[in-house]
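Data first, discussion second: the structure below is written as structure tokens.
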Amino acid sequence: MTEWNIAPYFIVDDVVTSANYYRERLGFRYDRLWGDPPTFCMVWRSGIVIMLAELEARGRMRPNRMADPEGGAWDAYVWVEDADALLAEYRGQGVTIAREICDQAYGCRDFEIDDCNGYRLCFGHSITPADEHADG
């Protein structure tokens, strides 16, 4: 089976500020900003990529939870090796923790953060044995 990947595309008001937040607070990296002035950047960490794009007209970003404030919709769910360790790292960086870590009925232990734009990311690891997962 070929491995698939996905890269969320987040519209932001300031791509430089956003890219630096992801680098300095969330431990991502980037090697370039596109445009003059910059309007696009791809940040990455541990095999995942998040695209950050600044539109000409500001104020167009809309995190999913703004459309579904009661449901707590995420903008991205990221599977990690150790959610507890990552939460400790993010606490040390002053990241806004939107929901504390807990075990979920869907078989993951996860927590939520809000980035500098209000996008909500959930980070978790599986607590269900691998043989219980259905491979779609």
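Counting along the sequence shown from 1, when you hit position 127 you're at 126 in numbering that gives the first Met the number 0, and nothing is skipped either side.
Every residue gets a Cβ at the ideal spot worked out from N, C-alpha and C, and that includes glycine.
Quick check on the burial criterion: 16 or more other C-beta atoms within 10 angstroms. Buried or exposed for residue 102?
By 1-based counting over the sequence shown, the position of residue 102 is 103. When all chains shown are included, residue 102 counts as exposed.
Residue 42 and residue 75: beta carbons closer than 8 Å?
Taking the first residue of the sequence shown as 1, we reach residue 42 at position 43. Taking the first residue of the sequence shown as 1, we reach residue 75 at position 76. Cβ atoms of residue 42 and residue 75: not closer than 8 Å.
Which residues does DSSP pair with residue 40 in a beta bridge?
As a first step, residue 40 is located in the sequence shown; it is residue number 41 there, counting from the start. According to DSSP, which records beta bridges pairwise, residue 40 is partnered with 32 and 51.
For residue 28 and residue 20, I'd like the C-alpha separation in whole angstroms.
In the sequence shown, residue 28 corresponds to position 29, counting from 1. In the sequence shown, residue 20 corresponds to position 21, counting from 1. Whole-angstrom Cα-Cα distance: 10 Å.
What would DSSP say about residue 90, mapped onto helix, strand or coil?
Stepping through the sequence shown from its first residue, residue 90 is reached at position 91. Three-state DSSP puts residue 90 in a helix.
Let me confirm a value: residue 9 is counted as buried when at least 16 other C-beta atoms fall within 10 Å, else exposed. Which label applies?
What you label residue 9 is simply residue 10 of the sequence shown in a count that begins at 1. Residue 9 comes out buried.
How should residue 118 be labelled, buried or exposed, when 16 other C-beta atoms within 10 angstroms of its C-beta is the threshold for buried?
Counting from 1 along the sequence shown, the entry for residue 118 is found at position 119. Buried, by the Cβ-count rule.
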